[in-house]
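Q: Chains as they are written, first to last, in numbering that gives the first Met the number 0: chain A, 0 to 313; chain B, 0 to 313.
Glycine is no exception: its CB is placed at the ideal position from the N, C-alpha and C atoms.
Keep in mind the model is a prediction, meaning the values are calculated, not measured.
Number of protein chains: 2
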Amino acid sequence: MPKPLALVTRMDAATEAVWKDTLADALPEETILSFRDMSAEQRLQAELAIVANPDPAHVAELPNINWIHSLWAGVERLVAELGPDAAPIVRLVDPELARVMAEAVLAWTYYLHRDMPAYRLSQKKAEWAPRDYRHPRDVTVGLLGLGELGKAAADRLKGAGFNTIGWSRSPKVLGDIETVSGEGGFEHILGAADILVCLMPLTAETRGMLDARRLSQMKPGAAIINFARGPIIVDTDLIAALDAGRLSHAVLDVFAQEPLPATSPFWAHPSVTVLPHISGPTDRFTAAGIVAANIRQWRQTGKMPKTVDIKAGY
Amino acid sequence: MPKPLALVTRMDAATEAVWKDTLADALPEETILSFRDMSAEQRLQAELAIVANPDPAHVAELPNINWIHSLWAGVERLVAELGPDAAPIVRLVDPELARVMAEAVLAWTYYLHRDMPAYRLSQKKAEWAPRDYRHPRDVTVGLLGLGELGKAAADRLKGAGFNTIGWSRSPKVLGDIETVSGEGGFEHILGAADILVCLMPLTAETRGMLDARRLSQMKPGAAIINFARGPIIVDTDLIAALDAGRLSHAVLDVFAQEPLPATSPFWAHPSVTVLPHISGPTDRFTAAGIVAANIRQWRQTGKMPKTVDIKAGY
Numbered sequence: 000m001p002k003p004l005a006l007v008t009r010m011d012a013a014t015e016a017v018w019k020d021t022l023a024d025a026l027p028e029e030t031i032l033s034f035r036d037m038s039a040e041q042r043l044q045a046e047l048a049i050v051a052n053p054d055p056a057h058v059a060e061l062p063n064i065n066w067i068h069s070l071w072a073g074v075e076r077l078v079a080e081l082g083p084d085a086a087p088i089v090r091l092v093d094p095e096l097a098r099v100m101a102e103a104v105l106a107w108t109y110y111l112h113r114d115m116p117a118y119r120l121s122q123k124k125a126e127w128a129p130r131d132y133r134h135p136r137d138v139t140v141g142l143l144g145l146g147e148l149g150k151a152a153a154d155r156l157k158g159a160g161f162n163t164i165g166w167s168r169s170p171k172v173l174g175d176i177e178t179v180s181g182e183g184g185f186e187h188i189l190g191a192a193d194i195l196v197c198l199m200p201l202t203a204e205t206r207g208m209l210d211a212r213r214l215s216q217m218k219p220g221a222a223i224i225n226f227a228r229g230p231i232i233v234d235t236d237l238i239a240a241l242d243a244g245r246l247s248h249a250v251l252d253v254f255a256q257e258p259l260p261a262t263s264p265f266w267a268h269p270s271v272t273v274l275p276h277i278s279g280p281t282d283r284f285t286a287a288g289i290v291a292a293n294i295r296q297w298r299q300t301g302k303m304p305k306t307v308d309i310k311a312g313y
Numbered sequence: 000m001p002k003p004l005a006l007v008t009r010m011d012a013a014t015e016a017v018w019k020d021t022l023a024d025a026l027p028e029e030t031i032l033s034f035r036d037m038s039a040e041q042r043l044q045a046e047l048a049i050v051a052n053p054d055p056a057h058v059a060e061l062p063n064i065n066w067i068h069s070l071w072a073g074v075e076r077l078v079a080e081l082g083p084d085a086a087p088i089v090r091l092v093d094p095e096l097a098r099v100m101a102e103a104v105l106a107w108t109y110y111l112h113r114d115m116p117a118y119r120l121s122q123k124k125a126e127w128a129p130r131d132y133r134h135p136r137d138v139t140v141g142l143l144g145l146g147e148l149g150k151a152a153a154d155r156l157k158g159a160g161f162n163t164i165g166w167s168r169s170p171k172v173l174g175d176i177e178t179v180s181g182e183g184g185f186e187h188i189l190g191a192a193d194i195l196v197c198l199m200p201l202t203a204e205t206r207g208m209l210d211a212r213r214l215s216q217m218k219p220g221a222a223i224i225n226f227a228r229g230p231i232i233v234d235t236d237l238i239a240a241l242d243a244g245r246l247s248h249a250v251l252d253v254f255a256q257e258p259l260p261a262t263s264p265f266w267a268h269p270s271v272t273v274l275p276h277i278s279g280p281t282d283r284f285t286a287a288g289i290v291a292a293n294i295r296q297w298r299q300t301g302k303m304p305k306t307v308d309i310k311a312g313y
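1) Residue range of the alpha helix (DSSP H) that A:N63 falls in?
2) Can you tell me which of A:I176, A:A261, A:T139, A:W127 puts its alpha carbon nearest to the alpha carbon of B:P260?
3) Sorted by chain position, which residues of the same chain lie with C-beta nearer than 7 Å to B:L81's C-beta, five sequence neighbours on each side aside?
4) Can you tell me which of the three DSSP states A:E102 falls into?
5) Provide the residue span of the beta strand (DSSP E) that contains A:S180, from first to last.
6) Can you give me the C-alpha to C-alpha distance between A:S270 and A:S121, rounded to a whole angstrom?
7) Under 8 Å, Cβ to Cβ, is there at least one residue of chain B near A:P53?
8) Thinking C-beta only, is B:L195 closer than 8 Å to B:I232?
9) If contact is defined by three or more beta carbon pairs under 8 Å, each pair taking one atom from either stretch, is the region 89 to 103 of chain A in contact with the region 279 to 288 of chain A?
10) Would you mind reading off the limits of the alpha helix (DSSP H) that contains B:V290?
11) Use the C-beta contact count for A:K310: other C-beta atoms within 10 angstroms, 16 or more gives buried, fewer gives exposed.
12) Should B:P53 go down as buried or exposed, given a rule of 16 or more other Cβ atoms within 10 Å for buried?
13) I need the straight-line Cα distance from B:W319 to B:A16, nearest angstrom please.
14) Hey, could you find the ends of the alpha helix (DSSP H) A:T306 is sitting in?
15) Compare the beta carbon distance of B:L198 and B:G144 with 8 Å and say whether it is the shorter of the two.
16) Tell me, please, which residues DSSP counts as bridged to A:G141.
17) For a contact defined as C-beta to C-beta under 8 Å, what are the partners of A:R130 on chain B?
18) State the Cα-Cα distance for the pair B:I88 and B:A48, rounded to the nearest angstrom.
19) Excluding the 5 residues flanking B:G288 on each side, which residues of the same chain have their C-beta closer than 7 Å to its C-beta?
20) Using a C-beta to C-beta distance shorter than 9 Å, which residues of chain A count as neighbours of B:P280?
21) Thinking just about the alpha-carbon of each residue, which of B:P62, B:G141, B:R295 is nearest to the one in B:E28?
22) Would you please state the rounded distance, in angstroms, between the beta carbons of A:S324 and A:R90? I believe it to be under 8 Å.
23) Judging by CA-CA distance, which residue of A:D20, A:T262, A:S180, A:T272 is the nearest neighbour of A:N225?
24) Considering Cα atoms alone, identify which of B:A267, B:A211, B:P1, B:P230 is closest to B:I64.
25) In this structure, how does DSSP classify A:T30 when only helix, strand and coil are distinguished?
26) Is the Cβ of B:Q256 closer than 8 Å to any Cβ of chain A?
27) For a contact meaning CB atoms closer than 7 Å, what does B:W266 contact in chain A?
28) Helix, strand or coil: which one does DSSP assign to A:H134?
29) Going along chain A, which residues have a C-beta under 8 Å from B:V78?
30) Are the C-beta atoms of A:M115 and some chain B residue less than 8 Å apart?
31) If you scan the region 214 to 266 of chain A from start to end, which runs of the beta strand (DSSP E) of 3 or more residues do you find wholly inside it?
32) Is the distance from the Cβ of A:S247 to the Cβ of A:A222 below 8 Å?
33) For A:R133, is the classification buried or exposed, using 16 other Cβ atoms within 10 angstroms of its Cβ as the cut-off for buried?
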C-alpha cells in the first residue's frame, strides 16, 4: 500500500470533503487523507501534498513530501508563504480553466464593447440614450500575459472579430495574432488598447505594474479588465484615473484582499464593476483528473510534472 | 437621366442628410431627392421610394413608384401603415445586420450565463457572493425565429458551446443545430430553455404570443431576451412572472412604445435590463450598398428583389 497523500486546504470541512471525494474517485489506488485527520505518524509518512491555499505551518508538518500539487493555477501566495526551501510545487494547468477564462474575457469584453455599464446608468435615470455602435474590428483589445490563459483568450477575441494585440515579457509568436513584448511593446499596447485585459501572474515584476505612470500612458477613455491578481494594479492610482475620466471603466474580479472588504471604495464606484473572483473557477472534475494523471505518472516513472520556477514565481 | 428616387423618412433633417449622402455615394448614377425637398412634379415623376419609418401620407404622394425599399429589416409598421394597396415593399436583408444581431445575442446570453445582473445586485449591497459556474453545454438557449438573424445567432451560440435549440413556425433544418417547429415544438422549447431569445418578426400571429399562459410553460427560473419587437410579449404578464420569481430576468431592447415612456415599470424593475433598441443597429454603409445593388439590378434587368409577403407580414 503506497504511503498516504495529504490534502491540505483552508476550505471549510464540508467543501474539503467534496474535493477529497472527487480526488479519491479520480485516484482510487491512492490513500488521500485530509491533513486535519492525519496522525503525527501519518504526517511523517506522507509522500505528496495536494494543496489549496494551505496554512504554511501545516505544510511544514509534512517533512517527507516529494512535491506539492496545487489545485489552483495561481500559486504566487503559496510560493511566497512556503519560502524557497519548500518541496517543488506543481501548479494546475487545466485546459478547461483556459476555456472558461477565455469565455470570461470575451463575455466582459462584450460587456464593455456593447456599453452595458453605460446602459445600466441610463436605465437608472430612466433615460433612453442609444450609443453609436462600433464594429469589433475598430475596437482594440490588449491582452497582458500570453500564458495558457492569455493564448486562449486571444483566440476567442480574434475569433469574435476584435483587433487583438497580445503582450508578453519575452517575444512570443501567436499564429495570426499581433504580439508585442518588452518595455517598448508595453508602451505600445497601453497606447493602443480600447480595452486592456490583465492575465499576468503576480510576480515581483508585475506587482504594482499598472501604476499612475502606466495608467496615464493608456488611451484616453480606455477600459480595463483585471482577471489576474489584484496587486498588479495600484488601487488608488486606478481610482484617480477613473475619477479624472481618463479611463472609462474597470471590471475587477481580483483584489489585494479577498473577499473585498466592505470599506473598499470599489463597491460604490460608478465606473467599477466588482466581481467576486469568478472569472476562472476551477472545475473540480477536470482538476481532479489532471492531478490524478500527474500523480500516476510520477508513481509509474518517477518523473515529476513541470514545477514552478520559484524565482520567476510561476 | 433616370427619373428621381424619393427618400422618405421621419429622421431629423441632419440625420437624413447623412443617409442621403451615403446613398448618393453608393448610387452616383441616380438622382436621390429628399421627399421634403421635392416639387409636386418631382413627386409625380419618382419611380422608386427609399424609406425609413416614413409618414404614410408622404408615400401616398408618390403615385408612380414601382416599389419601395425599406432601409430597416423590420417592416411590420410600414406594412400596417401603408395598407394592402401600396407598392411592393423590399426589406433590408443585410448580412452585417445578422452579424451584429448574433453578436448581441451572444453578448447578452453571456450577460445572463455569467450572472452579471446578480453580481450587480451583490455589488450594490457590497456583498461578496460567488455563484456556481455552469458549463455552457449545460445551459440551453432557445431561439424563437430562424430567419437570417435567428440562423446567425444559432451559429454563434452553438460555436460558444451552448446547448442551442431553434424554433420556427414551419420545420427548418439548420446544420447540426436542434430545431423544433409548430405548437408541439413551441411547448418543448419553452420548457427546455434556460435562456429564451426572441428574434421573430411581429405579425398577427406573434403579437402577444408570449402571454401569461406561455410564460407559465417556461422553465422555472429561466430568463428571456427580447431583441425582436415589444408587442410579442405581453408586458403585464412578463412583470407578473418576474415578480412571482417564476422567471429570473428579462433583457428588453424593444418595446410597444419607443422611446420607452418614463412611466414604464420596466425602468426600475430589479429583474429587467432596459436597452434603447441597440441590439441590431443598421450599418449605414453596408445598407446603402445593398440598396444600391438592388436598385441597379432592377434598372438593368427589370427584376425586383424579393418583396414582403403582405399577408405574412415579413
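A: Taking the geometry as given:
1) Unbroken run through A:N63: none, as it is neither H nor E.
2) A:W127
3) P55, V58
4) helix
5) 177 to 180
6) 13 Å
7) no
8) no
9) yes
10) 283 to 300
11) exposed
12) buried
13) Because chain B is modelled from 0 through 313, residue 319 of chain B falls outside the range shown and cannot be assessed.
14) Run containing A:T306: none; DSSP gives neither H nor E here.
15) yes
16) A:I164, A:L195
17) I277
18) 10 Å
19) A25
20) P129, D131, Y132
21) B:R295
22) This structure does not reach residue 324 of chain A, given that chain A is present from 0 up to 313, and the question cannot be answered.
23) A:T272
24) B:P1
25) coil
26) no
27) Q122, A125
28) coil
29) Within chain A, no residue comes near B:V78; the closest Cβ sits about 24 Å away, beyond 8 Å.
30) yes
31) 221 to 225, 246 to 251
32) yes
33) exposed
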